[in-house]
Amino acid sequence: MHNPRCHFLILFIQLISIISFYHYVIPIRGEDNNTSAVKVDVGIILDLETDVGKVMHISVLLALEDYHANASRGAIRIVPHIKDSKKDDVEATSAAIYLLKDVQVQAIFGPQMSTQTDFVIDLGNRVKVPIISPATSPSLTVKENPFFIRAALPSSTQTKAIAALVKKFDWREVVVIYEDSPYGFGIVPHLTDALLEISSLVSYRSVLSPSANDDQILKELYNLNTKQTRVFVVHLRPYLASRLFLKAKEAGMMSSGYAWIMTDVLTSLLDLVDHSVIESSMQGVLGIKPYIPRSNQLNNYTKRWRKRFRQEYPDMDQIELNAFGLWAYDGITLLAEAVEKLGTTAIPKLKKPDTRENLTDLDALGTSEVGSQLIDSMRNTVLKQGLSGDYRIIDGELQPFPYQIVNIIGKGEKSIGFWTEKDDISCKLKNGKTAAKCNNKQLGAIFWPGDSTIVPRGWEMPTSGKKLRVGVPLKGGLEQLIKVEKDSKTQAVTATGFCADVFKEVILSLPYALPYEFIPFPIQDPLTLPDYDDLVHKITSQDYDAVVGDVTILASRSEYVDFTLPFIESGISIVVPVRDDDRRDAWIFLKPLKSELWITTGAFFVFIGFVVWVLEHRVNKEFRGPKRKQVGMIFWFSFSTLVFAHSKTLTQSILLYTKDIGLFLVSQQIIYMAGCCRREGNK
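Number 676 in the UniProt record's numbering belongs to position 676 of the sequence shown; there are no gaps in the numbering.
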């Protein structure tokens, strides 16, 4: 008969054996008691009080477990030492000093905040220990820090994608809303440069303190609403951004005519924003984020990650895996592979300095003998099978991913397109991924704030602000160029004429509102230069912003003001009456003489012919016959004398003298007429 106590003892021993095996044989969080394995200490510094820090924490644990699960890697054991920076820069620095001095880690992953990372990088450069950080501030450069690896995309890489969106919708100005921190203002100069490349600009910079209360946020939004720009780029973290959009809804700035663009961090961490805020105050907002291709490997990992998150943080609401979690997994995998390349020989501890007196903790830090090998191995590496896709580190920088453009609709986001530096905005990537309902267009259908499908023009007439002061000459004469009138009752000034019309057309062609007012400037004498010089000098004295009118471009004036291109040719002109060109008239030969003279000449010809007929018809048979013949003889004789002589026809010598005298007078008249015709033709 078996003793029950023996059964209980056997079960207890088996339970203890299983627990011991699980604790000592199976690696948990990188710890292992296998004395034959080469142990490599690695420091992990994260803000475990933040949601992003918790996401990366789970990814780091799973990355090490997956690495150790490979049987071929049993000879190397990476031991993580996790420290919480507690949202404090000093705490992060203290953790780094502890890991380097007391634990003597060979590499550090983190911190995640840019302000914390800045000093930790300096420590890494000093002790030659690689610092792999997901900090996004562009001010942290790998060129100036040889032991720094950026394990996430810097915020500057997204600026070209934002500029492409601005160009796509033909917006000329944007307002940047960012928080007062290195994370916030680091993007501004890069975004400004990207917009300048497409002939757009940042018209206003709105800075919000991370600790700003609701009243301060609402006051700033009211200030933005008084300006004409209606395109806003939001570069805030989720907590501050959710409060901003709530107050924007309250201020009436989530209605038709407004456009909002979220940067990549906010879009990637949209799951951390309360869903009620998304549904009530963020409808129609655009966002960009790095595109992470879906795969079976990623789907399986996401399930494991969710399960592990519930185990580590059972009291928290479930949050979703994001790009920072995937980059943390790939970054740790990259570090583990670099450690593996060192071989299975024991890795020496940090080499202590030769000095005997260590006045501070910094003086007590040693120098890594394998840090240079680790950093060289990681600075140019590609993970083809990374969870985030092709995880490529070139010269210490994570290479840009394609950006996905999303539209906030309902409770979540809808993909409307992609952006790559090579192909710009498109609805389809080369790998075949297509945005929803793209229809081969550059972007899918977009719903803007206010449930509008019409693209906002990007500007409105400002509710307050100064008008452009335009000086116009008040004078008489040349009203076709400029004419200024002032209403005696309303005192309103109107300007008409060619100069004013050109100015008004230019204002209308601008892609934004530009209010202006005409200010008359009295001109006593339009022909005197001093009056016009005084008008031009009103610009340099800042009384006027511009001058519109018939102002002559002179070298002396061009020294202190800029002129538009001239629209009237320079030189001396003569004003003459308009006269029709009648030189092509067939009767132009009659023009030199008046009609009375032509009648007199014709009568003189007839008279000569009549005198000849009276004297000749009695003695000369050529002048006899029917009356019709005799009348014809009179006219024929008179006009044919111009062509040939009639000396043989005439019988009386006195008629020869009479004919010659008449012919002389007629020939002189013809010569005069020919000269007049020649002069008329030369005009």
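We put the beta carbon where it would ideally sit given N, CA and C, even for glycine.
Item	Value
Proximity of Val142 and Asp376 at Cβ, strictly below 8 Å	no
Per-residue burial, Asn33 [other beta carbons within 10 Å of its own, 16 or more giving buried]	Low local confidence applies: a pLDDT of 47 at Asn33 is under 50, so the model's placement there is unreliable, and no value is given.
Short Cβ contact (8 Å threshold) for Ile78 with Ala336	yes
Ranges of the alpha helix (DSSP H) found wholly within the region 511 to 599, counting only runs of at least 4	529 to 540, 555 to 558
DSSP state of Tyr291 mapped onto helix, strand, coil	coil
CA-to-CA distance, Phe148 to Arg126, given in whole angstroms	12 Å
Cβ shell of Leu481 (< 8 Å), same chain only, five flanking positions each side left out	Gly497, Phe498, Cys499, Gly549, Asp550
Inter-residue CB distance, Glu173 and Trp459 (contact presumed, cutoff 8 Å)	7 Å
Check whether Phe518 and Leu535 have beta carbons under 8 Å apart	no
DSSP state of Glu622 mapped onto helix, strand, coil	helix
Residues that DSSP places opposite Phe109 in a beta bridge	Ile44, Ile132
Residues near Ser280 by beta carbon distance below 7 Å, same chain, minus five either side	Lys249
Bounding residues of the beta strand (DSSP E) (the contiguous stretch that carries His235)	231 to 235
Counted within 10 angstroms of its Cβ, other Cβ atoms place Met282 as buried (16 or more) or exposed	buried
8 Å Cβ cutoff met for Val273 and Ala241	yes
Element boundaries [alpha helix (DSSP H), containing Glu505]	498 to 509
Pick from Gly609, Val105, Leu62, Met633 that is closest to Leu350, judged by C-alpha positions	Val105
Tyr183 burial status per 10 Å Cβ neighbour count (16 or more: buried)	buried
contact_flag[the region 389 to 407, the region 321 to 335] where n(CB pairs < 8 Å) is 3 or more	yes
Range covered by the beta strand (DSSP E) that runs through Val84	As written in the sequence, residue 84 is Asp, which differs from the Val given in the question. Run containing Asp84: 76 to 84, per the beta strand (DSSP E) assignment.
For Arg304 and Leu326, the rounded distance between their alpha carbons	13 Å
Residue interval of the beta strand (DSSP E) (run including Asn380)	380 to 386
Residue interval of the beta strand (DSSP E) (run including Tyr204)	201 to 208
Residue(s) in a DSSP beta bridge with Trp260	Phe232
C-beta contact flag for Gln112 and Ala95 at 8 Å	no
Continuous alpha helix (DSSP H) stretch holding Tyr329: start and end	323 to 340
Integer Cβ distance of Pro456 from Gly257, believed to fall under 8 Å	5 Å
Any non-hydrogen atom of the ligand SAH within 7 Å of Leu266 CB	Among the components of this structure there are no ligands whatsoever, and the ligand SAH is therefore not found.
Close Cβ partners of Ala251 (< 7 Å) along its chain, the five nearest in sequence each way excluded	Leu218, Leu221, Tyr222, Asn225
Supposed close pair Lys54, Leu48 - CB separation, criterion 8 Å	6 Å
Distance, Ile523 Cα to Trp598 Cα	57 Å
Residues that DSSP places opposite Gly417 in a beta bridge	Ile405
Own chain partners of Ala338 with C-beta closer than 6 Å, once the 5 adjacent residues on each side are dropped	Leu374, Ser377, Met378
Distance between beta carbons of Ile198 and Lys167, contact taken as under 8 Å	4 Å
Exposed unless 16 or more other CB atoms sit within 10 angstroms - verdict on Gly417	buried
Member of Ser59, Val90, Thr93 whose CA lies at the smallest distance from the CA of Pro80	Ser59
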